[in-house]
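Participant: This is the structure, below, for whatever I ask next.
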Amino acid sequence: MPAPAKIASGAPALLSQRGLQTLEIVDFRNIEAASLTFSPGLNLIGGENASGKTSLLEAIYCLGRVRSFRTRQPEQPIRYGQSCYRLVGKLSRGAGQSLPVGIERSRSALTVHLDGEPVRRLSDLAGSFSVQVLSADTPNLLNGGPRYRRQLLDWALFHVEQGYRDVWQRYTRILRQRNAALRTHAHTSLVTSWDGELLETAAQIDDLRQSYLQRFEVLLAQEVAQLLPGASIELNYLPGWPGHAGLAATVAGALEKDRAHGYTRYGVHRSDFRLLIDGNDVAGHCSRGQQKSVLVAFLLAQLRLQQERQSPPGAFLLDDLGSELDDDHQRRVLQALRELDAQVFVSAIEGDRVAVSDWQSVARFHVEHGNIREVL
Ligand SMILES: Nc1ncnc2c1ncn2[C@@H]1O[C@H](COP(=O)(O)OP(=O)(O)O)[C@@H](O)[C@H]1O
Ligand SMILES: [Mg+2]
């Protein structure tokens, strides 16, 4: 067992209320076994290429999201030649309290435990350990598809908006039932029997998203003004049905085609958003450098909003920081994360380029051929 994270200068030990205190890893990618104790502040992960740095971040991400940021194949991280991987973490809850969470994934099965109890709906985990990643291995909000942006928005709302998860779960359940009725060619009256609740929950979700985005857009504009002086940004939300018509009329009008397709084609499950700089789509028109600035501005605006709503910041994984962001962007992101008391995991080949002196609590890890040790 490695020594606990060092706390410099007698600072309070409890920086992050919702951070990851410890993590045990078994057979995840090239990591055969590891037992780690993290800092509630900054965790620096160094090591050569292909040593297992991204794999460690991926394991942390899997614990919070029950999926990888590198692949859509859930069994891919199982170590070659093994039948399953296991991740067991302890989340800090403040006042010396902690919450155990565990995941075991084999080729055919997934078991998740939270506080010793099996978890049935994965969205029940949302809010217990918020984790976000910035990595070249993952799609981002500019090059990812609508599903990616939707998840990003929903995930943000899970964390700042009381009640969002409940209504989202209700909507998702009703949608599944309506789609099952469509798929099995059930009688029209059965299909439409779900519409009342579908529309009611959709309206609530849409309202919460719109009010979140209204505030978010202001904060985003402030960050963009800093990073891309003179540029003006716009965020266009697409609710998931043609804007000119209400959802009720759209769903009613789409019934016959829905029956032919076997699923519900309009609703908040089809929403998306676009980012425009000076009226042009960022993904299509901006340089790579400008796009990175927009991504960083977006992340910072999310953080500011979390801070405004006093929502626990959770953990941030910055993979291969040096190659992803230039020094100025790195500084801004790390400073914002520090102000927010977030728990941060940074992987870098030269871990020591990050300015650590600002942080109250720092832990360093070195990875070599899948072996991870804390550097004291
Ligand atoms: N399922 C797996 N089982 C064992 N090793 C794997 C698996 N998937 C990838 N690897 C190997 O793990 C090593 C570490 O990869 P990675 O974490 O990306 O390294 P780093 O981020 O330090 O460059 C690579 O050599 C890769 O080939
Ligand atoms: Mg890597």
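So the sequence shown is residues 348 to 723, counted in the working numbering.
No residue lacks a Cβ here, since even glycine has one placed at the ideal position from N, Cα and C.
Please read these numbers as outputs of a predicted model, since none were measured by experiment.
#1: Just to confirm, are A695 and D667 a CB contact at a threshold of 8 angstroms?
#2: What does the Cβ neighbour count give for H336, buried or exposed, with the cut at 16 atoms within 10 Å?
#3: Check for me: the beta strand (DSSP E) holding R419 runs from which residue to which?
#4: For G717 and H506, I'd like the C-alpha separation in whole angstroms.
#5: Ligand 2 and T401: does the residue's C-beta get closer than 7 angstroms to at least one heavy atom of that ligand?
#6: In terms of residues, what are the limits of the alpha helix (DSSP H) holding H534?
#7: Say yes only if the C-beta of I719 is nearer than 7 angstroms to one or more non-hydrogen atoms of ligand 1, and no if none qualify.
#8: Curious, which full-length beta strand (DSSP E) runs of at least 3 residues does the region 430-482 contain?
#9: Report buried or exposed for A596, applying the criterion of at least 16 other Cβ atoms within 10 angstroms of its Cβ.
#10: In whole angstroms, give me the CA-to-CA distance for L529 and V538.
#11: Measuring only the C-alpha atoms, how far is R414 from A380?
#12: Within the continuous alpha helix (DSSP H) that includes N526, where are the two ends?
#13: Verify the contact flag: I425, CB atom, against every heavy atom of ligand 1, threshold strictly below 7 angstroms.
#14: Could you check which residue in L585, Q429 and T611 has the C-alpha nearest to that of P493?
#15: Helix, strand or coil: which one does DSSP assign to S708?
#16: What's the C-alpha gap between L489 and S618?
#17: DSSP three-state call for S618: helix, strand or coil?
#18: May I ask which residues mark the beginning and end of the alpha helix (DSSP H) holding E371?
#19: Please classify L665 as buried or exposed, where buried requires at least 16 other C-beta atoms within 10 Å of its C-beta.
#20: When you compare only the Cα positions, how much space is there between F454 and E422?
#21: Can you tell me the Cβ-Cβ gap for Q368 and S475, rounded? I've got them flagged as a contact below 8 angstroms.
#22: Which residues mark the beginning and the end of the alpha helix (DSSP H) in which F645 is found?
#23: For the alpha helix (DSSP H) that contains G411, what are its first and last residues?
Facilitator: Walking through what the data contain:
#1: Contact: yes.
#2: Shown here, the chain extends from 348 to 723; a query on residue 336 therefore has no answer.
#3: In this chain, R419 is not harboured by any beta strand (DSSP E), its DSSP state being neither H nor E.
#4: Answer to the nearest angstrom: the Cα atoms are 33 angstroms apart.
#5: Yes.
#6: From DSSP, H534 is part of no alpha helix (DSSP H); its letter is neither H nor E.
#7: Checking every heavy atom of ligand 1 against the Cβ of I719, none is found closer than 7 angstroms.
#8: Counting only runs of 3 or more residues that sit fully inside the region 430-482, the beta strand (DSSP E) segments are 431-439, 445-453, 457-461 and 478-481, in chain order.
#9: An exposed status is given to A596, since fewer than 16 other beta-carbon atoms sit within 10 Å of its beta-carbon.
#10: Between L529 and V538, the C-alpha separation is close to 6 angstroms.
#11: If you take the alpha carbons of R414 and A380, they lie about 20 angstroms apart.
#12: Looking at the DSSP string, the run of the alpha helix (DSSP H) that includes N526 is Y511 to R530.
#13: Relative to ligand 1, the nearest heavy atom lies less than 7 angstroms away from the CB of I425.
#14: Residue L585 is the option with its Cα nearest to P493.
#15: Note: S708 maps to strand in three-state DSSP.
#16: Taking the straight line joining both Cα atoms gives about 15 angstroms.
#17: In the structure shown, S618 sits in coil (DSSP, three-state: anything other than H, G, I, E or B).
#18: E371 -> not in any alpha helix (DSSP H); beta strand (DSSP E) instead, spanning L367 to F375.
#19: With 16 or more other Cβ atoms within 10 Å, it is buried.
#20: Per the sequence presented here, residue 454 reads as Arg, with Phe not at that position. If I take the Cα positions, the gap works out to 5 angstroms.
#21: Contact check for Q368 and S475: beta-carbon distance about 13 angstroms, past the 8 angstroms limit, so the pair fails to qualify.
#22: Counting along the chain, the alpha helix (DSSP H) containing F645 begins and ends at R635 to E655.
#23: Segment K400 to R412, the alpha helix (DSSP H) holding G411.
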